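Asker:
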Amino acid sequence: MTILEELSKSEQIQSLISAVRKPSKAAALFGVHRIHRTVCAGAFAIASGRPVILVCENDADAFRASEDLKALGMTGVEALPSREITLLDVEGISHDEEIARLTALGKAAKGQLQVVCCSVEALCLKTMPKETYLKRGIVLETGGTADPRQLSRNLISAGYTRCDRVEGRGQYAHMGRDRGRVPGRQGHAHPDRVFRRRDRADLGIRC
227 MTILEELSKS EQIQSLISAV RKPSKAAALF GVHRIHRTVC AGAFAIASGR
277 PVILVCENDA DAFRASEDLK ALGMTGVEAL PSREITLLDV EGISHDEEIA
327 RLTALGKAAK GQLQVVCCSV EALCLKTMPK ETYLKRGIVL ETGGTADPRQ
377 LSRNLISAGY TRCDRVEGRG QYAHMGRDRG RVPGRQGHAH PDRVFRRRDR
427 ADLGIRC
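Numbers 227 to 433, taken from this note's numbering, label the letters of the sequence shown in order.
See below:
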């Protein structure tokens with residue numbers, strides 16, 4: 227049993243749950259350190275069986291809170307960062323924050339998260355409807371096949387940019403008979419490759 231599971235049975239957490247379930251549906255926790263606030267949020271999520279949004283001071287604080295909960299054994303937790311809006315047409319740009327945000331939104335839409343850590347700015351940003359997000363998802367499997375033209379349309383609809391050479395996340399290219407694609411997830415050091423042959427695409431993914 228983890229410390230979060232043990233804490234979820236405490237009198238203090240149970241009193242918070244009782245307060246939230248009243249008609250007012252509000253409760254307050256004062257005078258606790260950042261790490262204690264984070265632990266209480268994780269324990270509350272476990273005890274209540276409901277997802278929790280932990281609003282933090284900024285993105286850095288949100289990522290720290292997420293990592294702290296993961297270190298305590300909680301798997302259903304992600305940081306939801308804010309995003310910088312780029313108004314210029316540039317070739318090279320980091321999509322790390324966008325990918326982290328899409329990852330968190332995707333897991334939340336599928337009901338896979340117990341705690342979402344985010345700043346006020348990230349919480350206030352507009353998002354696409356849940357149904358639209360799930361519809362735009364692309365699933366590629368090792369050894370699977372896909373129609374190359376439809377795959378290209380799906381990549382563009384999902385926000386990928388076609389370029390001459392794949393050099394970063396969020397890009398794909400037609401390379402003769404081959405088609406390259408960079409992954410839209412964190413933790414992948416090498417680009418995915420989608421090899422095209424005749425009227426089908428044989429997928430060979432390097433992670």
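Even for Gly, the Cβ is constructed at its ideal location relative to N, Cα and C. If you're wondering where the values come from, they're calculated on a predicted model, not measured in any experiment.
(1) Can you give me the Cβ contacts of A273 inside the same chain, cut-off strictly under 8 Å, excluding the 5 residues immediately before and after it?
(2) Which residue wins for smallest C-alpha separation from A305, given the options L313, V365, K296, I311?
(3) I need the straight-line Cα distance from G257 to K336, nearest angstrom please.
(4) Would T353 and L331 qualify as a contact pair, given that the criterion is a beta-carbon distance under 8 Å?
(5) Tell me the DSSP bridge mates of E304?
(6) For G413, which residues in the same chain have their Cβ closer than 7 Å to its Cβ, ignoring the five residues on either side in sequence?
(7) Please give me, in chain order, every unbroken run of the alpha helix (DSSP H) with length at least 4 that falls completely inside the region 336-394.
(8) Run the CB neighbour count on A267, radius 10 Å, all protein chains shown included, and call it buried at 16 or more, exposed below.
(9) For a test of the three-state rule: what should DSSP assign to D404, helix, strand or coil?
(10) Just reading off the alpha helix (DSSP H) that I239 is part of, what are its end residues?
(11) Are A254 and V246 touching if we call contact CB-CB under 8 Å?
(12) DSSP on S234, reduced to helix/strand/coil?
(13) For G410, which three-state DSSP category applies?
(14) CA-CA distance, Q376 and E323?
(15) Give the DSSP-derived three-state secondary structure of L255 in the structure shown.
(16) Give the straight-line distance between the Cα atoms of R327 and S383, rounded to the nearest whole angstrom.
(17) Could you confirm whether any beta carbon from chain C is found closer than 8 Å to the beta carbon of G396?
(18) In terms of alpha-carbon separation, which member of R260, I229, A269, A288 lies closest to L349?
Answerer: Reading it off the structure:
(1) Reading the sequence shown from its first residue, position 47 is the one you call residue 273. Same-chain partners within the cutoff: S234, K235, I239, Q240, I243.
(2) Translated into the one-based positions of the sequence shown, residue 305 becomes position 79. Closest option to A305, Cα to Cα, is K296.
(3) Here residue 257 refers to the residue found at position 31 when the sequence shown is read from its first residue. Here residue 336 refers to the residue found at position 110 when the sequence shown is read from its first residue. When rounded, the distance between both Cα atoms is 34 Å.
(4) For this step, residue 353 is matched to residue 127 along the sequence shown. For this step, residue 331 is matched to residue 105 along the sequence shown. Yes, these two residues count as a Cβ contact at 8 Å.
(5) To locate residue 304, count along the sequence shown from 1; it is residue 78. Answer by DSSP bridge pairing, in chain order: V342.
(6) As a first step, residue 413 must be located in the sequence shown, where it is residue number 187. A caution first: G413 carries a pLDDT of 47, below 50, which makes its placement in the model too unreliable to give a value.
(7) 346-350, 356-362, 374-383
(8) For this step, residue 267 is matched to residue 41 along the sequence shown. Flag for A267 reads buried.
(9) As a working note, residue 404 is residue 178 in the sequence shown. Low local confidence applies: a pLDDT of 45 at D404 is under 50, so the model's placement there is unreliable, and no value is given.
(10) As a working note, residue 239 is residue 13 in the sequence shown. Note, I239: alpha helix (DSSP H), 237-246.
(11) In the sequence shown, the residue the question calls residue 254 occupies position 28. In the sequence shown, the residue the question calls residue 246 occupies position 20. For A254 and V246, no; Cβs fall outside 8 Å.
(12) Along the sequence shown, read from residue 1 onward, the residue named residue 234 stands at position 8. Of the three classes helix, strand and coil, the one that applies to S234 here is coil, per DSSP.
(13) Counting from 1 along the sequence shown, the entry for residue 410 is found at position 184. Only weak support exists for where G410 lies, its pLDDT of 48 falling under 50; the coordinates are left without a value.
(14) Residue 376 sits at position 150 when you count from the first residue of the sequence shown. Residue 323 sits at position 97 when you count from the first residue of the sequence shown. For Q376 and E323, the distance between alpha carbons rounds to 27 Å.
(15) Start at 1 with the first residue of the sequence shown, and residue 255 comes out as number 29. The answer is coil: DSSP assigns L255 none of H, G, I, E or B.
(16) Position 101 of the sequence shown, counting from 1, holds the residue named residue 327. Position 157 of the sequence shown, counting from 1, holds the residue named residue 383. Going by the C-alpha atoms only, they are around 18 Å apart.
(17) The structure shown contains no chain C; it holds only a single protein chain.
(18) In the sequence shown, the residue the question calls residue 349 occupies position 123. Taking only the C-alpha atoms, the option nearest L349 is A288.
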